[in-house]
Structures are given as C-alpha cells and as structure tokens.
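Taking the numbering used here as reference, the numbering of the sequence shown is continuous, increasing by one, and the terminal residue is 304. We put the beta carbon where it would ideally sit given N, CA and C, even for glycine.
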Amino acid sequence: MDRPGINEPPEDGEGMTEVEKYLFDLRGYLVVKNALTPTQIADLSERLEKHRTEGQRLSGSDRPRYPGGESAAFSAKSLIEWGGTYVDLIDLPAIAPYLQTLIGTNYRLDHDYIKIDNAAHAAKLFLHGGGQGAGGATDLVGPTDGGQCYYRYSNGKFYNGLVAVGFELDTVPPGAGGFACVPGSHKVNFQLPADWKISETQDDLPECVHRVEAEAGDAIIFTEACAHGTVPWEGDGERRTIFYKYCPHAVAWSPCYYNADGYGKLSERQRGMLMPPSAFGYHEYSRKAWEKVQTDQAELGRRHSEPAKPG
Ligand SMILES: O=C(O)CCC(=O)C(=O)O
C-alpha cells in the first residue's frame, strides 16, 4: 500500500485505532505485536552479531564516540550504517501510522541505538522522563529540561516531544527483565519521588512500576514523557533491543544529525526523516539549505586536507 508523504496526513483507517489511542493516552505506551517479520528479525540479528564486539552493550547514533575528540562531520555512528533492515526501520510500514498519529505528519528520526541486557550487563532501573517537565533538570531525558519532553492531547491531536520505538529481537521470558514504566506518568504534574528513581534489583521496584511483556518482533512504542527504564536483568540469555526515536521536525535531542548521503540508496520519505531539525520540516527550502551546508562542509574538509602552503 502506498503511504502518504511525510507532509501529508494519514488517510482514513491508516492511523491508530480508537482502542490504541485510548490505551496510549491512558498509559503512555503501546505494544505493536509482530511489527517485524521473522526474516527481518534474522537480518537485524545477523548484522548486529557481525558488528558486535566482545562485551559490547550499546551502539548507535545516541552514543557518539570520536577518538581523540575528532568529529568526522555532522553525524555520529548510526545503526543505519549496518544496512539491510536497519535502513528499512527508518520508515517501517508497520510503525509509520503510529508515528503519524502520535507526532504529526512532519516528524524526523532523531537518533537510534541498540542495547543488550544480560547477566554481564544487568543494568539497574533508572526511571527517567515525566510529563509536564516532571522529570526535572537532573533527568536523563533532555537535561536542559526546556519542557521538550512533553505529551498532550488537544483539539483532536496528539502532541509528543519524543516518541521511542523499541524493537525486540528476543522474547523476554516473564521475570527476566525488559521495558518498564509508570503508566500514566506522561500526564503527571509532580516529580517522581527521588527514592523511586533507581532500583538495583527487581525486588526494589516501586509498586507503581509496570513491567511490559514483549516477544521477539514486537515493538514497544512509548512517549519519553512517560517515566520509564529497564528492569534489572535476572534471566538467562539476553535481551537485544533496537531503539529508533522520533520527534517533531523542529525539535532536536541528539547533538548529532544524520547525513542521508551516507547510507546508500534511500527513499524520498527516508531521506526526509533524516533531515536535520528545522521549523520548515521536509520542505524544498530546508532541503536546498541542507544540501548547500553539506557542499560547504565537503569543501572545508578538502581545504583542511591540503598541505599547508609555505609562508
Ligand atoms: O530498556 C528499555 O526498553 C528502556 C530503554 C530506555 O529507557 C530508553 O531508551 O530511554
């Protein structure tokens, strides 16, 4: 099915169902069953294992690492560089209608990362996020706390400052670990009690924390305004979760932007979603401005690499 361009509203029947809207507004998250096909899971898994190094727990554009502090250009290393289904995830047909409904028709991919939970990296629960700025200035989500971690529903529309899509590559058995949140906290007006923020073990989880079960191929879509985190891992095996995080076009979270020229052939919609932030969105004007910046940067790079002229 052809889907609308990122500047066009979804057609009837293409957005979320009334039940899904109700549940998202109530709880701040949704589980989309079988968002990935078995073939996609296998491809994502194979590419991950090929690139994974011993003991590695995190990778992606959310984790910029520049040896010696040198920055290559605009972009941090992204999972999209791994190709195949990692490229398809930018604009997955099973997920796009949710993003269009939750963010609006003009959203962008802000950052991506993969996280691996296992016995060696059990991770403590660090609840972060919180509606109405309730996360506070020390929150992991946007420490500038300019209120950008927002959620609201008004005039028949959802407004979200950042929507995360977590794709599960493994089925997480009950009690092992996984995503957890305080359902409804995306609308809360008070800060999370400080001593509920961190849980070292599952026994410490505050009662208000809800564990979300998911199987391989499921996607958990949540608003970062909902206080959330990872349940300390207490299972066998591991959980490998890929996160792609989207926001309105004028909002930015990551200090690094994508460079759509770096990932092989992309669709027009995918290129639009990798544009840097601007109030113009995916517009011919901003596209041309961005192309010019890239040309200027390439020219600058060329001049830097020229040997210095004597005198
Ligand atoms: O493990 C999870 O699913 C939660 C990840 C998380 O807290 C985040 O990406 O902000």
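Can you list, in chain order, the residues of its chain whose CB lies under 8 Å from that of residue i, leaving out five sequence neighbours each side?
i	result
Arg150	The sequence shown places Lys at residue 150, rather than the Arg named in the question. Same-chain partners within the cutoff: Gly97.
Leu102	Ile83, Tyr237, Lys238, Tyr239, Tyr251, Met266 and Leu267
Gly48	Ala113
Leu259	Val80, Ile83, Ala253 and Leu267
Trp283	Met268 and Pro269
Gly257	Gly76 and Val80
Val205	Tyr22, Val24, Gly171, Phe172, Ala173, Cys174 and Ile213
Ala245	Asp103, Pro269 and Pro270
Pro31	Gly210
Thr288	none
With residue i and residue j assumed to form a contact (beta carbons below 8 Å), what rounded beta-carbon distance in angstroms separates them?
i	j	result
Met266	Asp105	Between Asp105 and Met266 the Cβ distance is about 11 Å, and since that is not below 8 Å, they are no contact.
Arg40	Tyr15	Actually they are not in contact, since the Cβ atoms of Arg40 and Tyr15 sit about 37 Å apart, beyond 8 Å.
His44	Trp75	6 Å
Glu13	Leu23	6 Å
Ala218	Asn153	7 Å
Ser192	Ala220	With 8 Å as the limit, Ser192 and Ala220 do not qualify as a contact, their Cβ atoms being about 12 Å apart.
Arg280	Pro176	Not quite, the Cβ-Cβ distance comes to about 39 Å (not below 8 Å), so this is no contact.
Gly8	Pro90	5 Å
Ile235	Leu51	Incorrect: roughly 11 Å between the Cβ atoms, too far for contact.
Should residue i be labelled buried (16 or more other beta-carbon atoms within 10 Å of its own) or exposed?
i	result
Asn182	exposed
Asp196	exposed
Arg295	exposed
Tyr278	exposed
Gly122	buried
Val286	exposed
Ile107	buried
Ser147	exposed
Thr223	buried
Thr94	buried
Asp110	buried
Gln263	buried
Leu293	exposed
Ser71	buried
Ala305	Past the boundaries of the shown model lies residue 305; the chain is included only from -6 to 304, so the question cannot be answered.
Pro60	The pLDDT assigned to Pro60 is 49, lower than 50, so where the model puts this residue is not dependable; a value taken from the coordinates is nonetheless given after this. Result: exposed.
Pro241	buried
Ser298	exposed
Ser64	Its pLDDT being 47, under 50, Ser64 is placed unreliably in this model, and the value from its coordinates should be taken loosely. Ser64 is exposed by the Cβ-count criterion.
Gln290	exposed
Tell me which residues share the same chain as residue i and place their Cβ nearer than 6 Å to its Cβ, disregarding the 5 neighbours each side in the sequence.
i	result
Leu92	Tyr100 and Tyr239
Ala272	Ala243
Asp163	Ala209, Arg232 and Arg233
Near residue i, which residues of its chain fall below 7 Å by C-beta distance, leaving aside the five closest residues on each side in sequence?
i	result
Trp189	Leu120 and Pro199
Ile34	Leu162, Ala209 and Gly210
Lys26	Asp211
Asp18	Tyr146
Asn186	One detail in the question is off: residue 186 reads as Pro in this sequence, not Asn. For Pro186, where only same-chain residues beyond five positions count, there are no Cβ hits under 7 Å.
Ala301	none
Worksheet item: If we count Cβ pairs, one from each stretch, closer than 8 Å, do we get three or more for the stretch 162 to 170 versus the stretch 212 to 232?
Response: yes
Practice prompt. Entirely within the stretch 214 to 239 and at least 3 residues each: give me those beta strand (DSSP E) ranges in chain order.
Written response: 221 to 224
Worksheet item: Can you list, in chain order, the stretches of the alpha helix (DSSP H) that have 4 or more residues and sit fully within the stretch 15 to 101?
Response: 31 to 44, 78 to 81 and 89 to 96
Discussion item. Is it the case that the stretch 213 to 224 contacts the stretch 144 to 159, given that we only count it when at least three CB pairs across the two stretches are under 8 Å?
Written reply: yes
Worksheet item: Which whole runs of the beta strand (DSSP E) in the stretch 178 to 210 are 3 residues long or more, in chain order?
Response: none
Fill in: Complete runs of the alpha helix (DSSP H) confined to the stretch 227 to 301 [at least 4 residues]
261 to 266 and 277 to 298
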